[in-house]
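Peer 1: Pasting a structure below so you can have a look.
Right, dumping it as structure tokens:
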């Protein structure tokens with residue numbers, strides 16, 4: 002592409018890339034500008050690194066195709082999944098959805114560079130990105146997300162004494178993850194490094210982390226909650242759920258903690274996403290949750306020969322913590 | 007030599023049915039347990055008697071043996087109020103020749119391409135949308151040649167609590183043998199709520215359910231006073247390996263809650279009287295009934311198949327159909 006340099010994003014690009022993102026996001030999406038703290042958290046401090054390409058034109062960053070990598074356990078081995086989170090082209094450099102333009106050029110360079118690592122890329126693109134991504138960049142829909150939601154009584158519910166509020170995660174959480182992972186085909190490795198980065202150190206965002214421990218201090222289950230605007234309304238959101246199926250008591254009290262927190266926050270609805278293949282999808286329904294259609298479609302592109310999107314659809318455990326939706 | 011013989015790809019012609027059935031039954035019943043061969047009566051109902059016509063593309067050898075087939079059921083549909091044709095793809099075949107013992111690789115693909123070129127697209131007598139279901143365990147079967155892509159997961163609404171619902175005194179349930187003009191009236195009232203769906207009028211419903219050989223369906227209409235207010239069709243069957251009552255058709259206008267309650271009670275009673283312990287229905291997640299049936303105590307469970315499809319329309323991307331196309335268990339119950 003004449004006049005454009007397409008290359009991997011470097012540290013020096015962070016400020017101009019953020020400026021480009023902010024100009025597009027605040028103008029056309031109406032979201033608030035991202036601070037340098039938020040940008041650094043996403044692209045500098047992630048323990049799994051970053052995967053990002055930019056297009057430069059006359060010294061300015063005019064396009065970005067960026068993903069947040071996560072260490073992932075898949076079918077018995079460790080790999081990298083990467084959530085495509087920021088993809089944009091400044092309006093004056095766009096070429097429409099039917100022609101291959103700069104968006105496709107940067108996206109293809111991105112996939113050529115990082116696809117060879119056996120990465121699975123995923124995300125919840127908006128409609129326009131879906132159209133261009135399916136046509137030119139190999140996006141495949143994985144599923145239309147269903148939201149599990151329950152209305153709760155507004156009277157105060159007691160917070161269960163068996164549930165501990167966790168300030169940070171320690172190494173014991175990895176043991177819990179390994180127990181849970183036995184029923185997953187693939188999942189982000191929810192170790193202390195990841196969970197602390199994702200739910201403790203994220204700037205300007207408050208997550209509540211709940212845990213249940215056994216008498217030795219080991220974790221039997223973890224639930225992470227956030228009250229925020231979700232699907233257009235302020236709601237109590239289940240951001241992550243990590244409980245082995247055999248820990249039924251832990252699951253019950255964690256749900257009680259979520260309901261109590263929801264009521265305390267004055268929220269009428271607690272909601273979350275659970276992969277439909279999982280037994281938890283039924284479990285939440287038997288406790289009063291109902292399933293609802295959403296406009297979110299998770300899509301992916303897998304560079305793993307044995308684990309394509311079809312394979313992942315049946316086995317990949319992901320939560321809203323794997324998204325940037327909550 | 008047999009391997010050099012000419013293969014003909016052409017649409018169905020009168021008299022092909024015997025050869026089609028022979029190949030179909032060889033491919034689908036050998037080695038399979040409990041799968042009865044398809045009868046000529048069943049084939050004629052499915053393809054010849056379909057009020058919207060027949061879509062069959064065959065690959066035949068010089069001896070007239072059917073080696074491959076790409077077939078579909080054209081079905082009248084409405085998309086954003088416009089009358090169009092949709093096509094349910096089924097019965098794909100690409101088999102080893104009985105005479106030569108060889109399988110013609112790529113013959114199904116060639117039949118599929120001819121099928122798409124002959125029948126797919128916009129314009130008179132062409133279908134704008136092809137859809138099918140595929141099992142989770144074998145999701146790629148038949149997809150690529152027809153250009154079918156994943157549309158959405160399929161879910162069922164399952165009711166395990168079959169205690170009496172009580173119905174609604176304002177609605178009267180009448181079991182019927184055939185559908186008449188009241189079905190057209192109910193369909194037109196429900197059609198306005200659906201952006202994409204099959205035309206479920208009397209012509210369709212009678213072919214689909216009352217004239218269907220071998221599988222007995224029970225149909226009922228709810229009347230509120232003299233007004234036809236809802237339709238349900240039921241049969242005893244198996245879903246995901248478990249015996250169940252199946253709601254194969256459900257058509258109740260939004261403003262007929264009494265009819266909905268009464269029909270739901272009829273379905274529960276039918277299921278219980280048949281000695282079955284669960285009732286199963288299917289709706290797309292954007293359908294009104296998705297939430298309504300949960301409110302009636304049904305739980306949502308993932309089914310063992312996905313919906314796949316391809317849009318041939320200029321205006322509507324297949325994600326439109328993925329979201330909006332109305333499906334039910336009646337779209338699965340053909341073989």
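Protein chains in written order, with the working numbering: chain A, 2 to 327; chain B, 7 to 341.
Beta carbons: idealized from backbone N, C-alpha and C, even for Gly.
As the structure is a computational prediction, the values presented were derived from the model and not from experiment.
Excluding sequence positions up to five away, which residues of its chain have a Cβ less than 8 Å from the Cβ of residue 41/B?
Peer 2: Position 35 of the second chain, counted from the first residue, corresponds to residue 41/B. Around residue 41/B: 34, 35.
Peer 1: For residue 57/B and chain A, any beta-carbon pair shorter than 8 Å?
Peer 2: Position 51 of the second chain, counting from 1, holds the residue named residue 57/B. It does not: the Cβ of residue 57/B has no partner Cβ on chain A nearer than 8 Å.
Peer 1: Of all the beta strand (DSSP E) runs that stay within the bounds of the segment 120-200 of chain B, which reach a length of 3 or more residues?
Peer 2: Runs of the beta strand (DSSP E) inside the segment 120-200 of chain B: 133-141, 155-165, 178-182.
Peer 1: Between the Cα of residue 19/B and the Cα atoms of 31/B, 254/B, 72/B, 45/B, which residue gives the shortest distance?
Peer 2: The residue given as residue 19/B occupies position 13 in the second chain. When each option's Cα is compared against that of residue 19/B, the closest is 72/B.
Peer 1: Assess contact between the segment 278-286 of chain B and the segment 276-291 of chain A, defined as three or more Cβ pairs (one per stretch) separated by less than 8 Å. Is contact present?
Peer 2: Counting Cβ pairs under 8 Å, fewer than three are found: no touch.
Peer 1: Look at the Cβ atom of residue 131/A, then the Cβ atom of residue 300/A, and state whether they are nearer than 8 Å.
Peer 2: As a working note, residue 131/A is residue 130 in the first chain. As a working note, residue 300/A is residue 299 in the first chain. Yes, the Cβ-Cβ distance between residue 131/A and residue 300/A is below 8 Å.
Peer 1: Please list, in chain order, all residues of the same chain as residue 257/B whose beta carbon is under 7 Å from its beta carbon, the five residues on each side excluded.
Peer 2: Within the second chain, the letter at position 251 stands for residue 257/B. 192, 193, 196, 206, 236, 237.
Peer 1: Among 105/A, 110/A, 144/A, 89/A, which one has its Cα closest to the Cα of residue 317/A?
Peer 2: In the first chain, counting from the first residue as 1, residue 317/A sits at position 316. Answer by Cα proximity: 144/A.
Peer 1: Starting from residue 187/A, follow its DSSP beta bridges and name the residues at the other end.
Peer 2: Sequence index remark: in the first chain, residue 187/A carries index 186 (1-based). In the DSSP output, where bridge partners are listed per residue, residue 187/A has 75/A, 317/A.
Peer 1: Any Cβ of chain A within less than 8 Å of the Cβ of residue 8/B?
Peer 2: Numbered from its first residue, the second chain carries residue 8/B at position 2. Low confidence applies to residue 8/B: its pLDDT is 46, below 50, so where it sits in the model is not reliable enough to give any reading.
Peer 1: Taking CB distances under 8 Å as the criterion, tell me whether residue 296/B reaches chain A.
Peer 2: For the purposes of this step, residue 296/B is identified with residue 290 of the second chain, where counting begins at 1. Answer yes: the Cβ-Cβ gap between residue 296/B and chain A drops below 8 Å somewhere.
Peer 1: So that I know if they touch, is there some Cβ in chain A lying closer than 8 Å to that of residue 310/B?
Peer 2: Along the second chain, one-based indexing puts residue 310/B at 304. Not an interface residue.
Peer 1: Could you give the uninterrupted runs of the beta strand (DSSP E) lying entirely in the segment 179-255 of chain A, keeping only those of 3 residues or more?
Peer 2: Correct list: 187-189, 209-214, 220-231, 234-243.
Peer 1: Using a C-beta to C-beta distance shorter than 8 Å, which residues of chain A count as neighbours of residue 300/B?
Peer 2: On the second chain, position 294 is the one that residue 300/B refers to. Those within 8 Å of residue 300/B in chain A are 291, 292.
Peer 1: For the beta strand (DSSP E) that contains residue 317/B, what are its first and last residues?
Peer 2: As a working mapping, residue 317/B is identified with position 311 in the second chain. Per DSSP, residue 317/B belongs to the beta strand (DSSP E) from 305-317.
Peer 1: Going straight from the alpha carbon of residue 150/B to that of residue 137/B, what length do you get?
Peer 2: Working through the second chain from its first residue, we reach residue 150/B at position 144. Working through the second chain from its first residue, we reach residue 137/B at position 131. Near 13 Å, if we compare the C-alpha coordinates of residue 137/B and residue 150/B.
Peer 1: Residues in its own chain within less than 6 Å of residue 44/A by CB, not counting five upstream and five downstream?
Peer 2: In the first chain, residue 44/A corresponds to position 43, counting from 1. Same-chain partners within the cutoff: 51.
Peer 1: When you compare only the Cα positions, how much space is there between residue 33/A and residue 179/B?
Peer 2: The residue given as residue 33/A occupies position 32 in the first chain. The residue given as residue 179/B occupies position 173 in the second chain. Approximately 56 Å, taken between the alpha carbons.
Peer 1: Under 8 Å between beta-carbons, which chain A residues line up against residue 159/B? List them in chain order, please.
Peer 2: By one-based count along the second chain, residue 159/B stands at place 153. Going along chain A in sequence order, the residues near residue 159/B (Cβ under 8 Å) are 144, 145, 277, 314.
Peer 1: Determine the DSSP secondary structure at residue 56/B, reduced to helix, strand or coil.
Peer 2: Counted from its first residue, the second chain places residue 56/B at position 50. Note: residue 56/B maps to coil in three-state DSSP.
Peer 1: How far does the alpha helix (DSSP H) with residue 23/B in it extend, from its first residue to its last?
Peer 2: Taking the second chain and counting its residues from 1, one reaches residue 23/B at position 17. 23-35 is the span of the alpha helix (DSSP H), which, as asked, contains residue 23/B.
Peer 1: Residue 94/B by DSSP, collapsed to three states: which one?
Peer 2: Residue mapping note: residue 94/B aligns to position 88 of the second chain, counting from 1. Residue 94/B falls in the strand class under three-state DSSP.
Peer 1: Could you tell me whether the Cβ of residue 306/B comes closer than 8 Å to any Cβ of chain A?
Peer 2: As a first step, residue 306/B must be located in the second chain, where it is residue number 300. Yes, contact with chain A.
Peer 1: Measure how close the beta-carbons of residue 61/B and residue 78/B come, nearest whole angstrom, since I'm counting them as under 8 Å.
Peer 2: To locate residue 61/B, count along the second chain from 1; it is residue 55. To locate residue 78/B, count along the second chain from 1; it is residue 72. With 8 Å as the limit, residue 61/B and residue 78/B qualify as a contact, their Cβ atoms being about 4 Å apart.
Peer 1: In chain order, what residues of the segment 220-247 of chain A put their CB closer than 9 Å to some CB of chain B?
Peer 2: Residues: none.
Peer 1: Short of 6 Å in beta carbon distance, which residues of its chain neighbour residue 59/B, apart from the five on each side in sequence? Order them along the chain.
Peer 2: Residue 59/B sits at position 53 when you count from the first residue of the second chain. Cβ within range, chain order: 80.
Peer 1: For residue 130/A and chain C, any beta-carbon pair shorter than 8 Å?
Peer 2: Of the protein chains in this structure, namely A and B, none is chain C.
Peer 1: Pick out whichever of 28/B, 132/B, 268/B has its Cα sitting closest to the Cα of residue 175/B.
Peer 2: The residue labelled residue 175/B in the question sits at position 169 within the second chain. Comparing Cα positions, the closest option is 268/B.
Peer 1: Residue 85/A and residue 115/A: beta carbons closer than 8 Å?
Peer 2: As a first step, residue 85/A must be located in the first chain, where it is residue number 84. As a first step, residue 115/A must be located in the first chain, where it is residue number 114. No, Cβ-Cβ distance for residue 85/A and residue 115/A is not below 8 Å.
Peer 1: Name, in chain order, the residues that DSSP records as bridge partners for residue 302/A.
Peer 2: What you label residue 302/A is simply residue 301 of the first chain in a count that begins at 1. Per DSSP, 122/A.
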